[in-house]
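Asker: As given, the protein sequences belong to chains A and B, one line each in that order. Residues in the first sequence are numbered consecutively from 1, following our numbering. Residues in the second sequence are numbered consecutively from 138, following our numbering. C-beta atoms are modelled at their ideal positions from N, C-alpha and C, and glycine is treated no differently.
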Amino acid sequence: MKSIILKGRKIVEGMVAGEALVTKEPLSFMGSINPKTGFIIERGHEIEGQCMKGKIFVFPQAKGSTGGSYMLFDVVKNDVGPIGIINIEADSIVVIGAIVAELPMVDKIDIDQIETGDYIILNATLGTVEVQKKEAI
Amino acid sequence: MYLTDNEKAMLNGDFGEIVQKCMKVLVTLGDIYGAEKMIEINNVHSPGVSYRVAGDAGLNYVKGASLQGCFRVPTTLNTIGIDSDNWEKIGFPKEFSLKQLELVDAYKKMGAFCTNTCTPYLVGNTPMFGEHISWGESSAIAYVNSVIGARTNREGGPSALAAGVTGRVPAYGYHLDENRKGKYLIELEVDLKTDRDYAVLGYYVGQRVGKDVPVFNGIKNRPTLENLKALSAALASSGAVALYHIEGVTPETLTGKVMADNFETFKFGSEEYRKVTEKFNYDGDVDIVVLGCPHCSIVEMKQIAEQLTDKKLKSDMWVCTSRQIKSLADIMGYTKIIERAGAEVVCDTCPILCPTLDKGYERVVTTSGKLAHYMPGLWNVKTALLQLEDCINAGIDGEWRRGI
Numbered sequence: 001m002k003s004i005i006l007k008g009r010k011i012v013e014g015m016v017a018g019e020a021l022v023t024k025e026p027l028s029f030m031g032s033i034n035p036k037t038g039f040i041i042e043r044g045h046e047i048e049g050q051c052m053k054g055k056i057f058v059f060p061q062a063k064g065s066t067g068g069s070y071m072l073f074d075v076v077k078n079d080v081g082p083i084g085i086i087n088i089e090a091d092s093i094v095v096i097g098a099i100v101a102e103l104p105m106v107d108k109i110d111i112d113q114i115e116t117g118d119y120i121i122l123n124a125t126l127g128t129v130e131v132q133k134k135e136a137i
Numbered sequence: 138m139y140l141t142d143n144e145k146a147m148l149n150g151d152f153g154e155i156v157q158k159c160m161k162v163l164v165t166l167g168d169i170y171g172a173e174k175m176i177e178i179n180n181v182h183s184p185g186v187s188y189r190v191a192g193d194a195g196l197n198y199v200k201g202a203s204l205q206g207c208f209r210v211p212t213t214l215n216t217i218g219i220d221s222d223n224w225e226k227i228g229f230p231k232e233f234s235l236k237q238l239e240l241v242d243a244y245k246k247m248g249a250f251c252t253n254t255c256t257p258y259l260v261g262n263t264p265m266f267g268e269h270i271s272w273g274e275s276s277a278i279a280y281v282n283s284v285i286g287a288r289t290n291r292e293g294g295p296s297a298l299a300a301g302v303t304g305r306v307p308a309y310g311y312h313l314d315e316n317r318k319g320k321y322l323i324e325l326e327v328d329l330k331t332d333r334d335y336a337v338l339g340y341y342v343g344q345r346v347g348k349d350v351p352v353f354n355g356i357k358n359r360p361t362l363e364n365l366k367a368l369s370a371a372l373a374s375s376g377a378v379a380l381y382h383i384e385g386v387t388p389e390t391l392t393g394k395v396m397a398d399n400f401e402t403f404k405f406g407s408e409e410y411r412k413v414t415e416k417f418n419y420d421g422d423v424d425i426v427v428l429g430c431p432h433c434s435i436v437e438m439k440q441i442a443e444q445l446t447d448k449k450l451k452s453d454m455w456v457c458t459s460r461q462i463k464s465l466a467d468i469m470g471y472t473k474i475i476e477r478a479g480a481e482v483v484c485d486t487c488p489i490l491c492p493t494l495d496k497g498y499e500r501v502v503t504t505s506g507k508l509a510h511y512m513p514g515l516w517n518v519k520t521a522l523l524q525l526e527d528c529i530n531a532g533i534d535g536e537w538r539r540g541i
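(1) Using DSSP with H/G/I as helix, E/B as strand and the rest coil, what is B:Arg99?
(2) Can you check whether the C-beta of A:Ile4 is within less than 7 Å of a C-beta belonging to chain B?
(3) State the CB to CB distance for the pair B:Ser275 and B:Arg288, rounded to an integer number of angstroms; the pair is presumed to be in contact (CB under 8 Å).
(4) Looking at the C-beta of B:Thr98, does it have a partner C-beta in chain A at a distance below 7 Å?
(5) Is the shortest distance between the beta-carbon of A:Pro82 and the beta-carbons of chain B less than 7 Å?
(6) Select from B:Asp527, B:Trp537, B:Arg538 the residue whose C-alpha is nearest the C-alpha of B:Arg333.
(7) Are any of the Cβ atoms in chain B nearer than 7 Å to that of A:Thr66?
(8) Would B:Ile169 count as contacting chain A if we go by Cβ distances under 7 Å?
(9) For a cutoff of 7 Å on Cβ pairs, would you count B:Glu274 as touching chain A?
(10) Could you give the C-beta distance for A:Asp74 and B:Gly192, rounded to a whole number, given that I count them as a contact under 8 Å?
(11) Please state the DSSP three-state secondary structure of B:Phe353.
(12) For B:Val483 and A:Val16, I'd like the C-alpha separation in whole angstroms.
(13) Distance check for B:Glu389 and A:Leu21, CA to CA, integer angstroms please.
(14) Determine the burial state of B:Tyr139: buried for a count of at least 16 other Cβ atoms within 10 Å of its Cβ, exposed for fewer.
(15) Which residue's Cα is closest to the Cα of B:Val372: A:Ile40, A:Arg9, A:Lys63, A:Pro104?
(16) So, does the CB of A:Phe73 fall closer than 7 Å to a CB anywhere in chain B?
(17) Roughly how many angstroms lie between the CA atoms of B:Asn149 and B:Val210, to the nearest whole one?
(18) Please classify A:Ile83: does DSSP put it in a helix, a strand, or coil?
(19) Cβ atoms of A:Ile121 and A:Met105: under 7 Å apart, would you say?
(20) May I ask you to list, following chain order, the residues of the stretch 492-518 of chain B that have a beta carbon less than 8 Å from some beta carbon of chain A?
(21) I'd like to know if B:Ser374 contacts chain A, where contact means its C-beta is closer than 7 Å to some C-beta of that chain.
(22) Which two residues bound the contiguous beta strand (DSSP E) that contains B:Arg500?
(23) Contact between the stretch 316-335 of chain B and the stretch 353-364 of chain B: three or more CB pairs below 8 Å?
(24) Residue ranges of each beta strand (DSSP E) run of no fewer than 3 residues wholly in the stretch 444-499 of chain B, ordered along the chain?
(25) If the cut is a Cβ gap below 7 Å, which residues of chain A does B:Pro184 touch?
(26) Determine the chain A residues that contact B:Asn290 at a beta-carbon separation under 9 Å, and present them in chain order.
(27) How close, in whole Å, do the beta carbons of B:Ser505 and B:Ala336 come, if the pair is a contact with beta carbons under 8 Å?
(28) Compute the distance between the beta-carbons of B:Ala319 and B:Val284, then report whether it is under 7 Å.
(29) Please go through the stretch 140-200 of chain B and give each complete beta strand (DSSP E) segment of 3 or more residues, from N-terminal end onward.
(30) By DSSP's criteria, B:Arg91 is part of a beta bridge. Which residues make up the other side?
(31) If we ignore side chains and look at the alpha-carbon of each, how far apart do B:Glu363 and B:Lys507 end up?
(32) Assign B:Val436 to one of two classes, buried (16 or more other C-beta atoms within 10 Å of its C-beta) or exposed (fewer than that).
(33) Between A:Val22 and chain B, is there a C-beta pair that is closer than 7 Å?
(34) Does chain A have any CB closer than 7 Å to the CB of B:Val162?
(35) Could you tell me if B:Phe229 is buried or exposed, where buried requires 16 or more neighbouring beta carbons within 10 angstroms of its beta carbon?
(36) Considering only the beta carbon of each residue, do B:Asp424 and B:Arg538 sit closer than 7 Å?
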């Protein structure tokens, strides 16, 4: 099976595995998502209409409202949130949400190597991301 | 990271569980971002006070904290999800409203001042140049870092709460000189006049620079407080801008060099301007006009009242402001004029942070880049970003036609 190992920086420790949801556009947990359903609602966003529930959520960085910390915490508590987060550059708003939600998270990852649907083994404690490409699975 | 004996005691739980938990959040943040030490602070503005944002997860978090802890430093509260006096009249759902009041009570119990506004700098929370603070509310962060020259990172609800409880922030990011330098220089090729012009500029540049520091060059007329409020909000909506500089205007440009050694330059001309105004525009009926994002200053309240004198609105209109500014507007007679025209003066909240009301709104006009950005997703509406005069006229006519 074809797999790639990417090395980044631990933000919040933990290990999870699951399917990737990837966007190349920045995102705000306040305003870009519905915390009751986990769907992306920002108009014209690359992944508008997709759901982050149970996914390892891959996006470059956060933008926008500082309400995003509690919104991330809330979406996770509502069981419709992501199970892990991978960023290029971790914005403090998402980091703070991930800390209180105890959500495994890494940054400094070349997210161009990951596509939606790839199977990801995220070992945030070690800062590693194993990507199993979907065509190979 | 280096901790003083007192900070170590906080982390060890000598001051109780909540102080320990808060210190842990701050140390974790400090470790991630390479902070060498903590900085003592004396000023917090807490975001995450709207129940729409905090949800039950946030409500339980703050209620838990309020059982054991209190704020050691003066802490003001950001915009909430209802008008705390008029929620029944405006039609906010009862269940949501009661949860919201519970959340505000928990913060109040911790010692926060219930300012309930995104413009704390207009109601007495005005830090000094160079002062280290812990602020949430993306628009207020950009304002206070840039226009006042105080120093804060982009704080979320839990980290601002932690700063309030411990009186500390980890020394990283915008607290340090080296991170306050401009990475982009924007050469202005258009004259900016209205708040909308500044919102358009902010929206375009926020999208281009993301979380980096932009520096504006070539702004000819001195911007007003309201111009800068609009710019700050837009920069922090399309992007994550926490700090900007304006050559010859904002304080750090007057006290030293603001450009980093390496920076990129781009222009903002009429073509760039049009890209934003085309995104936020439509022709047709106007269901509601929303003004006051960020919350109206007293000057804006005056302008709105002047234009609405002896007029009747066909569209609904919300004029959002803080309770403190409304008190002054009451004294000045502005509130009465605005309400007589058929508008609602809404305190404590805004359409971004209140629950989406089922009023059949489809088309909105606003002066705010922030609102134009968030409302389509949150309310399932179209937004047009217009200058104040056009917004009010559109509300009086009940429609907006481009080019009129």
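Answerer: According to the structure data:
(1) Given a span of 138 to 541 for chain B in the structure shown, any question on residue 99 of chain B remains unanswerable.
(2) Chain B contact via Cβ: absent.
(3) Wrong, their Cβ atoms sit about 16 Å apart, outside the cutoff.
(4) Coverage of chain B is limited to positions 138 through 541, which leaves residue 98 of chain B absent and any answer about it impossible.
(5) No - not a single Cβ of chain B is within 7 Å of the one on A:Pro82.
(6) Answer by Cα proximity: B:Asp527.
(7) Closer than 7 Å to some Cβ of chain B, the Cβ of A:Thr66 qualifies, so yes.
(8) Judged by the 7 Å Cβ criterion, B:Ile169 is in contact with chain A.
(9) Yes, B:Glu274 lies at the interface with chain A (some Cβ there is under 7 Å from its Cβ).
(10) Contact holds; Cβ gap of about 3 Å.
(11) Reduced to three states, the DSSP call for B:Phe353 is strand.
(12) Approximately 45 Å between the Cα atoms of the pair.
(13) Taking the straight line joining both Cα atoms gives about 41 Å.
(14) By the Cβ-count criterion, B:Tyr139 is exposed, with fewer than 16 other Cβ atoms from all chains shown falling within 10 Å of its own Cβ.
(15) With the sequence shown as reference, residue 372 of chain B is identified as Leu, and Val is not the correct amino acid for it. The shortest Cα separation from B:Leu372 among A:Ile40, A:Arg9, A:Lys63, A:Pro104 belongs to A:Lys63.
(16) It does; some Cβ of chain B falls within 7 Å.
(17) Going by the C-alpha atoms only, they are around 21 Å apart.
(18) In the structure shown, A:Ile83 adopts coil according to DSSP, grouped into three states.
(19) Contact: no.
(20) Taking 8 Å as the cut-off between beta carbons, the residues of the stretch 492-518 of chain B near chain A are His510, Tyr511, Pro513, Gly514, Leu515, in sequence order.
(21) Yes, B:Ser374 lies at the interface with chain A (some Cβ there is under 7 Å from its Cβ).
(22) For B:Arg500, the enclosing beta strand (DSSP E) stretches over residues 500-503.
(23) Yes, they touch.
(24) List check, beta strand (DSSP E) in window: 453-458, 481-484.
(25) Scanning chain A for C-beta atoms nearer than 7 Å to the C-beta of B:Pro184 yields Thr66, Gly67, reported in chain order.
(26) In chain order: Ser92.
(27) B:Ser505 to B:Ala336, Cβ: 6 Å. Contact.
(28) The amino acid at residue 319 of chain B is misidentified as Ala; the sequence shows Gly. In this structure, B:Gly319 sits away from B:Val284, with a CB-CB distance that is not shorter than 7 Å.
(29) Complete beta strand (DSSP E) runs here, min 3: 175-177, 181-183.
(30) A query on residue 91 of chain B cannot be resolved here, the shown segment of chain B reaching from 138 to 541 and no further.
(31) Rounded to the nearest angstrom, the two C-alpha atoms are 14 Å apart.
(32) Here B:Val436 is exposed: its Cβ has fewer than 16 other Cβ atoms, across all protein chains shown, within 10 Å.
(33) Nearest CB-CB separation between A:Val22 and chain B: not below the 7 Å threshold.
(34) So, interface residue.
(35) B:Phe229 counts as buried, since at least 16 other C-beta atoms from the protein chains shown sit within 10 angstroms of its C-beta.
(36) Against a cut-off of 7 Å, the Cβ pair of B:Arg538 and B:Asp424 comes out as no contact.
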